[in-house]
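Chemist:
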Amino acid sequence: MKYELLKMIDILGTVSFAISGVFAAMQKRLDVFGILIIAFITSIGGGTLRDLMIGDLPVSWIRNINYSIIIFISAVVAMVFNKTIKNFQNTLLVFDSLGLGFFTVLGIQKGIAFGLHPGICIALGTVTGCFGGVIRDIALNNIPLIFQKEIYATACIIGGSIYFLLLKTGINFDWLDVICITTIFLIRLVAVRYKLALPSLYGNNTSEEEKL
Amino acid sequence: MKYELLKMIDILGTVSFAISGVFAAMQKRLDVFGILIIAFITSIGGGTLRDLMIGDLPVSWIRNINYSIIIFISAVVAMVFNKTIKNFQNTLLVFDSLGLGFFTVLGIQKGIAFGLHPGICIALGTVTGCFGGVIRDIALNNIPLIFQKEIYATACIIGGSIYFLLLKTGINFDWLDVICITTIFLIRLVAVRYKLALPSLYGNNTSEEEKL
Amino acid sequence: MKYELLKMIDILGTVSFAISGVFAAMQKRLDVFGILIIAFITSIGGGTLRDLMIGDLPVSWIRNINYSIIIFISAVVAMVFNKTIKNFQNTLLVFDSLGLGFFTVLGIQKGIAFGLHPGICIALGTVTGCFGGVIRDIALNNIPLIFQKEIYATACIIGGSIYFLLLKTGINFDWLDVICITTIFLIRLVAVRYKLALPSLYGNNTSEEEKL
């Protein structure tokens with residue numbers, strides 16, 4: 000049952016990442032092909048960067064055509080029904096946050112399988128979860144969103160740290176991944192709901208920049 | 000004879016990609032070194048990304064110094080004679096379109112050699128042909144041109160699909176690459192001549208954006 | 000003694016690259032997490048790109064946690080004491096230039112160890128020294144600084160060429176790396192001091208662009 004649950008989260012995460020790519024690309028008025036590419040980059044960018052850096056080649060999406068199919072269908076549906084889908088922001092946020100947790104755990108577990116240091120594993124998890132969005136933003140000529148305002152990568156880092164803490168205690172070994180996903184999921188939801196952000200380094204007077 | 004033909008297309012494609020990099024870089028008024036780097040990125044970016052993702056390392060340009068020499072000479076010539084060369088836009092377009100076809104086939108054939116799914120092979124072909132220009136545009140702080148207006152990647156995808164259709168029928172096996180290159184070449188030329196673009200998702204009223 | 004000297008230059012270079020990342024990120028008013036990521040990218044970006052392209056995987060920073068620790072501490076210190084540190088621009092420039100030389104030699108020597116052509120080795124050295132900054136600038140939505148004004152990569156190329164010239168003569172084999180680092184270091188310092196830049200291709204009348 001756990002396996003099916005994780006499989007579903009994997010798919011939902013891929014779908015919601017692709018949809019977030021479609022919306023970001025449409026905001027910049029890209030053409031159909033451009034939107035598709037951005038949907039792909041958002042969905043597979045983080046895992047691709049991780050696989051490249053640890054040398055697990057060919058990268059995941061090349062070995063498994065299923066991701067491409069899921070992303071393609073999601074992107075086409077999101078393009079056609081973009082106005083309808085935008086009414087389901089909350090649902091998308093839930094999927095997206097589940098996906099964030101799932102991809103982070105995936106990155107952590109790959110790091111462990113490669114015998115890497117816990118700190119590096121957490122970094123790889125964060126890269127897997129977050130860097131699809133980072134590459135999307137760079138390709139669209141935006142400064143990456145997660146570098147600026149949101150509690151996003153921070154959720155991955157906290158979730159990853161809890162993963163290794165629990166791993167040390169030895170408690171509940173089997174459901175470690177589910178606990179980690181849930182933690183990241185909840186932090187992300189709470190952060191969006193209450194508009195939590197990392198403390199600013201720049202004082203209250205941010206108006207200068209904003210006026211520009 | 001076919002081998003010599005393909006070799007020549009390879010060189011002409013590399014040259015014309017490098018020149019397009021030089022012109023894009025000069026538009027942003029980069030210095031000599033910056034222009035050289037952009038010429039390199041445009042020429043070898045797509046193949047490098049492909050080799051990285053399938054794990055064929057070191058990447059091509061590192062194993063064969065000839066590409067670097069061709070790019071270097073092309074870039075220097077293009078810098079010195081940039082006004083003269085700009086009078087040969089049509090010639091450049093022909094070279095560029097031949098190169099696009101050639102690099103796409105190269106990517107497809109590498110994918111086949113690695114035993115990958117046809118859909119993935121076409122994706123790799125498209126990456127090889129188009130992503131040098133994508134990385135060039137991102138490095139120059141532009142939204143990639145091929146995400147916006149032109150029939151460019153679409154030509155690669157159509158050409159690649161024809162490649163696999165013909166491969167299935169078994170007809171003309173030996174000249175499959177030449178047919179695929181010709182298809183991409185012709186689509187690209189026709190698209191530029193008649194200013195064909197992918198259908199817009201945003202209605203006729205694009206004036207809002209354009210006024211900005 | 001030479002080993003300890005090089006080790007120290009490695010650390011100082013890593014620290015000063017991280018600090019330059021922090022300052023660039025703070026200029027764009029990123030949040031704490033964004034600043035940390037940019038510090039990492041600046042420090043490890045060049046070496047990561049080099050390792051990816053030659054296929055020396057996992058990339059360096061993944062195999063050795065020490066770099067991450069050094070970067071993390073440097074970045075936190077630079078965030079907290081950023082006003083104080085900015086008074087030490089000259090010290091930072093010295094560290095940065097030493098680091099540039101060291102990383103360039105590192106890239107060259109890796110290229111030699113992989114049996115690559117001298118021209119490719121110099122390119123890899125330049126990538127190692129300069130592309131952390133290039134990726135930093137792209138991620139921050141700037142056109143890379145080194146493509147525009149400064150004698151930076153040029154110093155790496157000259158230093159690398161001298162490395163191979165001396166290697167051919169066979170003189171002073173043992174201190175080749177130190178000679179190369181010193182050359183790059185001095186070129187860089189002189190270039191900054193006397194505001195040397197590559198010759199412009201665009202004539203004196205650059206006012207058009209500047210007015211925009």
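In order, the protein sequences belong to chains A, B and C. In case it helps, numbering that gives the first Met the number 0 puts the first sequence at residues 0 to 211. In case it helps, numbering that gives the first Met the number 0 puts the second sequence at residues 0 to 211. In case it helps, numbering that gives the first Met the number 0 puts the third sequence at residues 0 to 211. Beta carbons: idealized from backbone N, C-alpha and C, even for Gly. In this text, all values refer to a predicted model and were calculated from it rather than measured experimentally.
1) Take the Cβ of A:Phe146 as the centre, count every other Cβ of all protein chains shown within 10 Å, and call the residue buried at 16 or more, exposed below.
2) Please report the distance separating the alpha-carbon of B:Phe251 from that of C:Asp95.
3) With 16 other CB atoms within 10 Å as the buried threshold, where does B:Phe16 fall?
4) Could you confirm whether any beta carbon from chain C is found closer than 8 Å to the beta carbon of A:Ile183?
5) Please list the terminal residues of the continuous alpha helix (DSSP H) segment that includes C:Phe101.
6) Considering only the alpha carbon of each residue, which of C:Ile8, C:Lys1, C:Val126 and C:Leu197 lies closest to C:Leu97?
7) Can you tell me the Cα-Cα spacing of C:Leu165 and C:Leu175, whole angstroms?
8) On the three-state DSSP scale, how would you describe B:Ser199?
9) Beta carbon of B:Val104, beta carbon of B:Leu48: below 8 Å?
10) So with CB distances below 7 Å, who are the chain C contacts of A:Ala38?
11) Identify each residue in the stretch 5-32 of chain A for which the Cβ-Cβ distance to at least one residue of chain B is less than 8 Å, and report them in chain order.
12) Out of B:Pro117, B:Ile10, B:Thr13 and B:Pro57, which one is the CA nearest neighbour of B:Gly159?
13) For the alpha helix (DSSP H) that contains C:Asp50, what are its first and last residues?
14) Could you pull out every residue in the same chain whose Cβ sits closer than 7 Å to the Cβ of B:Leu56, ignoring the five residues on either side in sequence?
15) Below 7 Å on C-beta distance, what does A:Pro57 contact in chain C?
16) Who are the near neighbours of B:Ala74 in its chain, counting only those whose CB is closer than 6 Å to its CB and skipping five residues on each side?
17) Can you tell me whether DSSP reads A:Leu188 as helix, strand or coil?
18) Below 6 Å CB to CB, which residues in the same chain sit around C:Phe80 once its five sequence neighbours on both sides are set aside?
19) Thinking C-beta only, is A:Ala138 closer than 8 Å to B:Asn61?
20) Answer yes or no: does any C-beta atom of chain A fall closer than 8 Å to that of C:Ser67?
21) Since B:Ile157 contacts B:Thr182 with CB under 8 Å, what's their CB separation in whole angstroms?
22) Name, please, each residue of chain B whose Cβ falls closer than 9 Å to the Cβ of A:Ala152.
23) Run through chain E and tell me which residues come within less than 9 Å of A:Phe80, C-beta to C-beta.
24) Given that B:Lys194 touches chain A, what residues does it touch there, using C-beta distances under 9 Å?
25) Can you tell me whether A:Asp30 is buried or exposed? The criterion is at least 16 other CB atoms within 10 Å of its CB, across all chains shown.
26) Between the C-alpha atoms of A:Gly46 and C:Lys194, what's the straight-line distance to the nearest angstrom?
27) Which of the three DSSP states, helix, strand or coil, is assigned to A:Glu208?
28) Return the residue from the list C:Lys6, C:Ser19 and C:Arg28 that minimises the CA-CA distance to A:Lys148.
29) Which two residues bound the contiguous alpha helix (DSSP H) that contains C:Pro117?
30) Using a Cβ-Cβ cut-off of 8 Å (strictly less than) and excluding sequence neighbours within five positions of B:Ile10, which residues of its own chain qualify?
31) Please compile the residues from chain A whose C-beta is within a distance smaller than 7 Å of the C-beta of C:Ala112.
32) CA-CA distance, C:Ile64 and A:Glu3?
33) Measure the alpha-carbon distance for A:Asn204 versus B:Leu188 and round it to whole angstroms.
34) Note down the Cα distance separating B:Thr153 from A:Thr41, rounded to an integer number of angstroms.
35) Assuming B:Tyr150 contacts B:Ala190 under a Cβ cut-off of 8 Å, what Cβ separation, rounded to an integer in Å, is found between them?
36) Of all the options C:Ile161, C:Ser199, C:Ile53 and C:Cys179, which has the alpha carbon lying nearest to the alpha carbon of C:Leu115?
Modeler: By the coordinates alone:
1) buried
2) The first residue shown for chain B is 0 and the last is 211, placing residue 251 of chain B beyond what the model contains.
3) buried
4) no
5) Gln88 to Ala112
6) C:Ile8
7) 7 Å
8) coil
9) no
10) None at all; the shortest Cβ gap to chain C is about 21 Å.
11) Ala24, Met25, Lys27, Arg28, Leu29, Asp30, Val31 and Phe32
12) B:Pro117
13) Val31 to Ile53
14) Asp50
15) Here the premise fails: no neighbours, minimum Cβ distance about 13 Å.
16) Ala17, Val21, Leu35 and Ala38
17) helix
18) none
19) Reading the sequence as shown, one finds Ile at residue 61 of chain B and not Asn. Result no, Cβ atoms of B:Ile61 and A:Ala138 do not sit closer than 8 Å.
20) yes
21) 7 Å
22) Within 9 Å Cβ-Cβ: nothing; A:Ala152 doesn't reach chain B, min ~21 Å.
23) Here chain E cannot be found, since the structure's protein chains are A, B and C.
24) Within chain A, no residue comes near B:Lys194; the closest Cβ sits about 13 Å away, beyond 9 Å.
25) buried
26) 43 Å
27) Reliability of the predicted coordinates at A:Glu208 is poor, the pLDDT of 43 falling under 50, and no value is obtained from them.
28) C:Arg28
29) Pro117 to Ala138
30) Ile69
31) The premise fails here: C:Ala112 is roughly 17 Å from chain A at the closest Cβ pair, so nothing lies under 7 Å.
32) 35 Å
33) With a pLDDT of 48 at A:Asn204, under the threshold of 50, the modelled position of this residue cannot be trusted, and the question is left open.
34) 20 Å
35) Position check: residue 150 of chain B holds Ile in this sequence, whereas Tyr was assumed. About 4 Å; that satisfies the 8 Å criterion.
36) C:Ile53
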